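In what follows, a structure is listed as structure tokens, so that the remarks can point back to it.
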Ligand SMILES: C[S@@+](CC[C@H](N)C(=O)[O-])C[C@H]1O[C@@H](n2cnc3c(N)ncnc32)[C@H](O)[C@@H]1O
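Numbering (my numbering), first residue to last: 441 to 704.
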């Protein structure tokens, strides 16, 4: 059931009336053959976890499992990442050390961060993993438009089934505030398993310290797990799993970026 959030009461009608280009949305909806894409991207061996399929994120019924979620995600996201989405995504890129050969973007969504990673590291193998085949279809459409070769896979971030010790860089952007704490810890443990010794993880998300002190921020959107996310501490979670060089920086007050390394 959708909660009576600030988003539902004021922002959604405002976005619908003034900020969303309906013509453009319809064009994108028509440009993608959703049935074919979902058929190709859906891995039938994957069962959607309870915490994922029974929730409405951003007040969208059905969460990320619809073409509506996939086509509206980017037009909305550009307005809800102050001061500027491009600047924040660049801040993550700026903190990557070296030239990672194999990169995984966990919970890649429509690929906004993944596309930038491939642009920045054109010789690397870049894999985008997400639970929603609809978000992946949108990501694949965007990558095709930009002629970028990225491997899009439906997968569960906390259980990717990929080989241990095989990845140089893992990124997780804007995912953790939407997960129960136990699952965040499992995703971090999975990242630790996947990384080569010396491999790095970068996490971009809401500022836990600030959100925990500013309850109205958590009631803008319907985000079922954001309060427990805010009460936690990413540095502590990373350190307890054995990551080293753990560092979280505030980013434009409302966001944070964490970087950590698997010991060499
Ligand atoms: C807010 S979006 C962020 C998308 C993208 N990382 C970005 O920066 O725009 C969260 C994404 O995480 C995905 N997701 C949530 N839980 C997941 C899980 N356990 N495994 C894989 N993907 C997950 C959702 O399907 C959704 O596409």
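Virtual Cβ for every residue (Gly too), placed ideally from N, Cα, C.
Please read these numbers as outputs of a predicted model, since none were measured by experiment.
Tell me the rounded alpha-carbon separation between residue i and residue j.
i, j, result
"residue 476", "residue 665", "33 Å"
"residue 474", "residue 691", "36 Å"
"residue 533", "residue 470", "32 Å"
"residue 593", "residue 472", "17 Å"
"residue 663", "residue 504", "12 Å"
"residue 576", "residue 584", "12 Å"
"residue 623", "residue 667", "14 Å"
"residue 478", "residue 644", "28 Å"
"residue 480", "residue 545", "20 Å"
"residue 685", "residue 462", "46 Å"
"residue 523", "residue 489", "33 Å"
"residue 696", "residue 578", "26 Å"
"residue 602", "residue 506", "26 Å"
"residue 573", "residue 519", "24 Å"
Tell me whether residue i counts as near ligand 1, meaning its Cβ is closer than 6 Å to at least one heavy atom of that ligand.
i, result
"residue 552", "yes"
"residue 665", "no"
"residue 491", "no"
"residue 610", "no"
"residue 645", "no"
"residue 626", "no"
"residue 504", "yes"
"residue 575", "yes"
"residue 568", "no"
"residue 597", "yes"
"residue 693", "no"
"residue 572", "yes"
"residue 547", "yes"
Determine whether the beta carbon atoms of residue i and residue j lie at a separation below 7 Å.
i, j, result
"residue 632", "residue 674", "no"
"residue 566", "residue 608", "no"
"residue 595", "residue 568", "no"
"residue 580", "residue 642", "no"
"residue 630", "residue 598", "yes"
"residue 571", "residue 492", "yes"
"residue 516", "residue 465", "no"
"residue 589", "residue 564", "no"
Taking C-alpha atoms, which residue in the options lies nearest to residue i?
i, options, result
"residue 535", "478, 557, 646", "557"
"residue 676", "582, 523, 625, 553", "625"
"residue 652", "683, 530, 669", "669"
"residue 530", "685, 656, 611, 601", "611"
"residue 654", "693, 687, 688", "693"
"residue 547", "628, 685, 463, 516", "628"
"residue 539", "554, 526, 560", "560"
"residue 639", "490, 482, 541, 520", "541"
"residue 508", "460, 491, 482, 524", "460"
"residue 604", "615, 634, 511", "634"
"residue 702", "564, 606, 615, 650", "606"
"residue 553", "615, 485, 688, 704", "615"
"residue 487", "689, 600, 526", "600"
"residue 646", "591, 482, 587, 689", "689"
Closer than 6 Å: is that where the CB of residue i sits relative to any heavy atom of ligand 2?
i, result
"residue 615", "For ligand 2, the structure offers nothing, since it holds only ligand 1."
With a threshold of 7 Å between beta carbons, is residue i in contact with chain B?
i, result
"residue 556", "Here chain B cannot be found, since the structure has a single protein chain."
Q: Just list the beta strand (DSSP E) runs in the stretch 569-595, keeping only unbroken ones of 3 residues or longer that don't cross its boundaries, in chain order.
A: Here the runs fully enclosed are 591-594.
Q: Could you name each continuous beta strand (DSSP E) segment of 3 residues or more that falls completely within the stretch 593-640, going from the start of the chain to the end?
A: Entirely contained in the stretch 593-640, the beta strand (DSSP E) runs reaching 3 residues are, in chain order, 607-613.
Q) Of all the alpha helix (DSSP H) runs that stay within the bounds of the stretch 510-566, which reach a length of 4 or more residues? A) DSSP runs (the alpha helix (DSSP H)) wholly in the stretch 510-566: 525-534, 552-560.
Q | 4 or more residues per run - each alpha helix (DSSP H) lying fully within the stretch 648-681 | A | Runs of the alpha helix (DSSP H) inside the stretch 648-681: 648-653, 666-671, 674-680.
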